[in-house]
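In the numbering used here, the protein residues as written are 100 to 417.
(1) What does DSSP give as the partner residues of residue 112 in its beta bridges?
(2) Do you know whose CA, among 175, 183, 152, lies nearest residue 117's CA?
(3) May I have the straight-line CA-CA distance separating residue 384 from residue 175, to the nearest angstrom?
(4) Which residue marks the beginning of the alpha helix (DSSP H) containing residue 257, and which one marks its end?
(5) Based on the DSSP secondary-structure assignment, which residues constitute the bridge partners of residue 287?
(6) So residue 255 and residue 313 are supposed to be a Cβ contact under 8 Å. How far apart are they, rounded?
(7) Put residue 328 into one of helix, strand or coil per three-state DSSP.
(8) Return helix, strand or coil for residue 235, following the three-state DSSP convention.
(9) As a quick exercise: from 179, 195, 196, 194, pick the residue whose alpha carbon is nearest that of residue 188.
(10) Quick one: what does DSSP say residue 378 is sitting in, helix, strand or coil?
(11) Select from 236, 137, 413, 218 the residue whose C-alpha is nearest the C-alpha of residue 97.
(12) Starting from residue 136, trace the alpha helix (DSSP H) both ways and give me its first and last residue.
(13) So for residue 55, helix, strand or coil by DSSP?
(14) Quick one: what does DSSP say residue 156 is sitting in, helix, strand or coil?
(15) Which whole-angstrom value describes the C-beta separation of residue 351 and residue 382, a residue pair presumed to lie in contact below a C-beta threshold of 8 Å?
(16) Compute the distance between the beta-carbons of residue 248 and residue 209, then report whether it is under 8 Å.
(17) Between residue 354 and residue 377, what straight-line distance do the alpha-carbon atoms span, to the nearest angstrom?
(18) DSSP state of residue 227, grouped into three classes?
(19) Where does residue 118 sit, in a helix, a strand or coil, going by DSSP?
(20) Do residue 142 and residue 400 have their C-beta atoms within less than 8 Å of each other?
(21) Closest by CA to residue 226, which one among 321, 121, 407, 335?
(22) Residue 281 and residue 359: beta carbons closer than 8 Å?
(23) Do you know offhand how far residue 193's Cα is from residue 201's?
(24) Between the C-alpha atoms of residue 292 and residue 267, what's the straight-line distance to the nearest angstrom?
(25) In this structure, does DSSP put residue 278 in helix, strand or coil?
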């Protein structure tokens, strides 16, 4: 649905993942399945961390925060897509669209900062194990997590204000499945130079580069500490404790690189949608899978809780 050229819009039309009629049902089923698995996997992590005493440590506290962020992020971006397939209503008001863009950016920034906090936790655990519980005490963990959430939601406020002030759009059709800032900039006929400059200076260097450096810097010290371990088994164990976190960092940053540091044009919007779908749907699904498949403590906790549940069902107390 086209609006008049060079005018503002009251609502946007979200085109979705695919325009092909024959693909509507399969895409809906696929997205719904990914959504259910991602929500279920992250809720499982949250329940395990909350219920199992062996997971009551800083590492899993931050993992629980990561799960909350993933549940929130996938819901913010995919809920309209799922509702649109059922109701047929693809319209989204201007305010709702800007709000969706804000929450998506805020949650992404908070997730990068939580990953940086997890990197700091691994540094203390490996480089200063004798003082680990004293340094990473519950108060410190809560302060770190709160700072990550607060900073993530505050630092994207200028982006949102500048985005909300764009008053001219060539069309109200968004070739995407949610209100992504890059797509909105492509559609806008307003002067977007200030917003683009802010995204490059603050968005890339502060929201992106700062948490990346804060994530990588501890690993420089971690690598040196691991290399000093005399036994191969000790080095393997130390590397293993970091492997899940490193995998998440690599996957997330590579996805964000392809999303926001590649040229923006109408011709590559379909590729942008695919990378966005991977970032918003597959990454939240990968997080619990990586930690459940690669982490022995999580697998052991899951077996214990399933055994407890089985015992309660088969041998209920009288």
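The beta carbon of each residue, even a glycine, is placed where N, CA and C say it ideally should be.
Walking through what the data contain:
(1) Along the chain shown, one-based indexing puts residue 112 at 13. Per DSSP, the beta-bridge partners of residue 112 are 190, 272.
(2) Numbered from its first residue, the chain shown carries residue 117 at position 18. Comparing Cα positions, the closest option is 183.
(3) The sequence position of residue 384 within the chain shown is 285, counting from 1. The sequence position of residue 175 within the chain shown is 76, counting from 1. Cα to Cα, residue 384 sits roughly 15 Å from residue 175.
(4) Taking the chain shown and counting its residues from 1, the one referred to as residue 257 is at position 158. From DSSP, the alpha helix (DSSP H) with residue 257 extends over 256-263.
(5) The residue you call residue 287 lines up with position 188 of the chain shown. 268.
(6) As a position in the chain shown, residue 255 is number 156, starting the count at 1. As a position in the chain shown, residue 313 is number 214, starting the count at 1. Taking C-beta atoms under 8 Å as the contact rule, residue 255 and residue 313 fail to qualify, at a distance of about 18 Å.
(7) Numbered from 1 along the chain shown, position 229 holds the residue referred to as residue 328. Secondary structure at residue 328: coil, using DSSP grouped into helix, strand and coil.
(8) On the chain shown, residue 235 is found 136 positions in, with the first residue counted as 1. Correct three-state label for residue 235: coil.
(9) Position 89 of the chain shown, counting from 1, holds the residue named residue 188. Of the listed residues, the one whose Cα sits closest to residue 188 is 179.
(10) Here residue 378 corresponds to residue number 279 of the chain shown, with the count starting at 1. Looking at residue 378 - three-state DSSP - the assignment turns out to be helix.
(11) Absent from the structure is residue 97, since the part of the chain shown begins at 100 and ends at 417.
(12) Position 37 of the chain shown, counting from 1, holds the residue named residue 136. Per DSSP, the continuous alpha helix (DSSP H) segment holding residue 136 begins and ends at 123-150.
(13) Because the chain here runs from 100 to 417, residue 55 falls outside it and cannot be looked at.
(14) Within the chain shown, the letter at position 57 stands for residue 156. Note: residue 156 maps to coil in three-state DSSP.
(15) Working through the chain shown from its first residue, we reach residue 351 at position 252. Working through the chain shown from its first residue, we reach residue 382 at position 283. Contact holds; Cβ gap of about 6 Å.
(16) For this step, residue 248 is matched to residue 149 along the chain shown. For this step, residue 209 is matched to residue 110 along the chain shown. Against a cut-off of 8 Å, the Cβ pair of residue 209 and residue 248 comes out as a contact.
(17) Position 255 of the chain shown holds residue 354. Position 278 of the chain shown holds residue 377. Between residue 354 and residue 377, the C-alpha separation is close to 8 Å.
(18) Translated into positions along the chain shown, residue 227 becomes position 128. If DSSP states are grouped into helix, strand and coil, residue 227 belongs with coil.
(19) Taking the chain shown and counting its residues from 1, one reaches residue 118 at position 19. For residue 118, the three-state secondary structure derived from DSSP is coil.
(20) Reading the chain shown from its first residue, position 43 is the one you call residue 142. Reading the chain shown from its first residue, position 301 is the one you call residue 400. With contacts defined as CB atoms closer than 8 Å, residue 142 and residue 400 fail to qualify as a contacting pair.
(21) Walking along the chain shown from the start, residue 226 turns up at place 127. Distances from the alpha-carbon of residue 226 to those of 321, 121, 407, 335 put 321 closest.
(22) As a working mapping, residue 281 is identified with position 182 in the chain shown. As a working mapping, residue 359 is identified with position 260 in the chain shown. Going by C-beta atoms, residue 281 is nearer than 8 Å to residue 359.
(23) By one-based count along the chain shown, residue 193 stands at place 94. By one-based count along the chain shown, residue 201 stands at place 102. Answer to the nearest angstrom: the Cα atoms are 12 Å apart.
(24) The count along the chain shown starts at 1 and reaches residue 292 at position 193. The count along the chain shown starts at 1 and reaches residue 267 at position 168. Cα to Cα, the separation comes out at about 14 Å.
(25) For this step, residue 278 is matched to residue 179 along the chain shown. Reduced to three states, the DSSP call for residue 278 is coil.
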